[in-house]
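Everything on this sheet refers to the single structure shown next.
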Amino acid sequence: MLNVALMPQYFSWAGGLEFLRNLSIGLSAVSNLYQINICIILNHSFKDSPLFPLLDDYFKQSNCSKDYIYYESAQSDLANILISRKVDIVLAVNGDLGANFPVPLMLERCDLNRHREFYRLLLLNTVVYKQ
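Here the sequence shown stands for residues 260 to 390, where the numbers follow this note's numbering.
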């Protein structure tokens with residue numbers, strides 16, 4: 260089982276959530292083949308965002324867990340929470356969590372070009388899933 264966490268609060272605009280939704284739908288399309296579990300991890304402060312009420316709508320087409328995981332600070336408890344939840348990779352990190360962060364991350368801004376093929380395949384799976 261591959262446990263994947265998505266972090267929406269670093270994408271605090273509707274287009275960012277749309278990007279994460281496409282990732283989640285693409286992953287959901289192959290989740291049975293590759294045994295992928297998807298969860299959403301949020302900073303408690305994201306509850307005050309105008310986008311927070313939209314999360315359920317954005318992720319209803321995927322098999323994301325509806326139980327959101329919350330943390331207080333990326334510097335204090337984020338890593339421990341991810342480890343305790345056995346998260347294997349955090350996708351779509353649009354910020355710097357540090358070179359020594361203990362859980363693999365993907366998609367800091369520079370990773371968009373480096374992992375273009377991966378995201379192209381996810382989006383192709385999204386199209387297949389919607390049909």
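Backbone N, C-alpha and C define an ideal beta-carbon position, used for all residues, glycine too. All values derive from a computational prediction rather than experimental measurement.
For this session: Report the residue from Glu277, Gly285 and Asn296 whose alpha carbon sits nearest the alpha carbon of Asp326.
Result: Locating residue 326 in the sequence shown gives position 67, counting from the first residue. Check the Cα spacing between Asp326 and each of Glu277, Gly285 and Asn296: the tightest is with Asn296.
Exercise. From which residue to which residue does the beta strand (DSSP E) around Ala264 run?
Worked result: Counting from 1 along the sequence shown, the entry for residue 264 is found at position 5. According to the DSSP assignment, Ala264 belongs to the beta strand (DSSP E) that extends over Leu261 to Leu265.
Problem set entry | Uninterrupted beta strand (DSSP E) stretches inside the stretch 330–368 (no shorter than 3 residues) | Runs of beta strand (DSSP E) with 3 or more residues, each lying fully within the stretch 330–368, are found at 348–350, listed in chain order.
Exercise. When you compare only the Cα positions, how much space is there between Asp316 and Asn262?
Worked result: Residue numbering aside, residue 316 sits at position 57 when the sequence shown is read from its first letter. Residue numbering aside, residue 262 sits at position 3 when the sequence shown is read from its first letter. Their Cα atoms are separated by approximately 22 angstroms.
For this session: Buried or exposed for Gly285, please, with buried defined as at least 16 other CB atoms from any protein chain shown within 10 angstroms of its CB.
Result: Start at 1 with the first residue of the sequence shown, and residue 285 comes out as number 26. Gly285 should be labelled buried.
Exercise. Helix, strand or coil: which one does DSSP assign to Asn296?
Worked result: For the purposes of this step, residue 296 is identified with residue 37 of the sequence shown, where counting begins at 1. If DSSP states are grouped into helix, strand and coil, Asn296 belongs with the strands.
For this session: Taking Gly275 as the reference, give the member of Leu301, Leu292, Ser321 and Asn353 with the closest Cα.
Result: Here residue 275 refers to the residue found at position 16 of the sequence shown. For Gly275, the nearest C-alpha among the options comes from Asn353.
Exercise. Who are the near neighbours of Tyr330 in its chain, counting only those whose CB is closer than 8 angstroms to its CB and skipping five residues on each side?
Worked result: In the sequence shown, counting from the first residue as 1, residue 330 sits at position 71. Around Tyr330: Ile300, Leu301, Asn302, His303, Asp336, Leu337 and Ile340.
Exercise. Of the choices Lys306, Cys298, Ile328 and Ile342, whose alpha-carbon is the least far from that of Lys319?
Worked result: In the sequence shown, the residue the question calls residue 319 occupies position 60. Residue Cys298 holds the alpha-carbon nearest to the alpha-carbon of Lys319 among Lys306, Cys298, Ile328 and Ile342.
Problem set entry | Proximity below 8 angstroms, CB of Leu310 to CB of Leu282 | Taking the sequence shown and counting its residues from 1, one reaches residue 310 at position 51. Taking the sequence shown and counting its residues from 1, one reaches residue 282 at position 23. Annotated as distal: Leu310 and Leu282, with beta-carbon spacing of 8 angstroms or more.
For this session: Compare the Cα-Cα distances from Asn322 to each of Ile348, Val362 and Asn291 and report the closest residue.
Result: The residue given as residue 322 occupies position 63 in the sequence shown. Of the candidates Ile348, Val362 and Asn291, the one whose C-alpha sits nearest the C-alpha of Asn322 is Asn291.
Exercise. What residues in its chain sit with their C-beta under 8 angstroms from that of Asp347, if we drop five residues either side in the sequence?
Worked result: For this step, residue 347 is matched to residue 88 along the sequence shown. Exclusion of the five residues before and after Asp347 leaves Leu261, Asn262, Val263, Val362 and Pro363 as the residues of its chain whose Cβ lies within less than 8 angstroms of its Cβ.
For this session: Identify every residue that forms a DSSP beta bridge with Asn302.
Result: What you label residue 302 is simply residue 43 of the sequence shown in a count that begins at 1. Per DSSP, the beta-bridge partners of Asn302 are Tyr330.
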